[in-house]
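Numbers given in the working numbering equal positions in the sequence shown, counted from 1, plus 128. Read through the structure below, which is laid out as structure tokens, and then see the notes.
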Amino acid sequence: LHSMGQFIQEGSRIMFETIVDVKKPAQDLFIEELEGNFDGLNFLADQNMSVVNRKAMEGTILAHTDGGVPEVLIEVDDLTAYNVGYLIYFFWRACACSGYLLSVNPFNQPGVESYKKNMFALLGKPGYENLTAELEAKLK
Numbered sequence: 129l130h131s132m133g134q135f136i137q138e139g140s141r142i143m144f145e146t147i148v149d150v151k152k153p154a155q156d157l158f159i160e161e162l163e164g165n166f167d168g169l170n171f172l173a174d175q176n177m178s179v180v181n182r183k184a185m186e187g188t189i190l191a192h193t194d195g196g197v198p199e200v201l202i203e204v205d206d207l208t209a210y211n212v213g214y215l216i217y218f219f220w221r222a223c224a225c226s227g228y229l230l231s232v233n234p235f236n237q238p239g240v241e242s243y244k245k246n247m248f249a250l251l252g253k254p255g256y257e258n259l260t261a262e263l264e265a266k267l268k
């Protein structure tokens, strides 16, 4: 959140932010008091994480909208298999549409091939021996 938040807040306005709000978390954890209060967060002792997460989300939304960042808020009741599958499908589809809007074919990704070749070579996949030696020399 911190690094991306900095970029979204103060970077160029080339994107919008999508926030997924889960209304009913599957489990709620409570924050325990830390002896010595080394992190300065004991004011949160006995608070549940869903409240802390909600306040973090609300604070982020306020800061980013005040900074002119377009926001999309997606609300789901819970993280059932259905809802998680729906979100995955939604983001896959959004990725494909974004690619086409930017004149990039999202299903033909030649830019991905270079890291895949490097990964296969470094993992020792047969047929990549020459590249393996070259990459290992670069890593030394």
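Even glycine gets a Cβ: it sits at the ideal position worked out from N, Cα and C.
Check your understanding: What residue from Ser242, Lys244, Arg221 has the CA that sits closest to Asn233's CA?
Key -> Within the sequence shown, residue 233 is the residue found at index 105, counting from 1. For Asn233, the nearest C-alpha among the options comes from Arg221.
Practice prompt. Enumerate, from N- to C-terminal direction, the unbroken beta strand (DSSP E) stretches of 3 or more residues contained entirely within the segment 129-160.
Written response: 145-150
Next item on the list: For Val197, count neighbouring Cβ atoms within 10 angstroms of its own Cβ and tell me buried if that reaches 16, exposed if not.
Entry: On the sequence shown, position 69 is the one that residue 197 refers to. Result: buried.
At which residue ranges does the segment 183-250 contain complete beta strand (DSSP E) runs of 3 or more residues, listed in the order of the chain? 199-204
Does the structure place the segment 229-248 close enough to the segment 181-190 that three or more beta carbon pairs sit under 8 Å? no
* To which residues of the same chain is Ile136 closer than 7 Å at the C-beta, ignoring the five residues directly before and after it? -> On the sequence shown, position 8 is the one that residue 136 refers to. So the qualifying residues of the chain are Glu145, His192, Val197.
- Kindly indicate if chain D contains any beta-carbon less than 9 Å away from that of Tyr217. No chain D is part of this structure, which consists of one protein chain only.
Per-residue DSSP class, three states only, for Asn165 | Residue numbering aside, residue 165 sits at position 37 when the sequence shown is read from its first letter. Correct three-state label for Asn165: coil.
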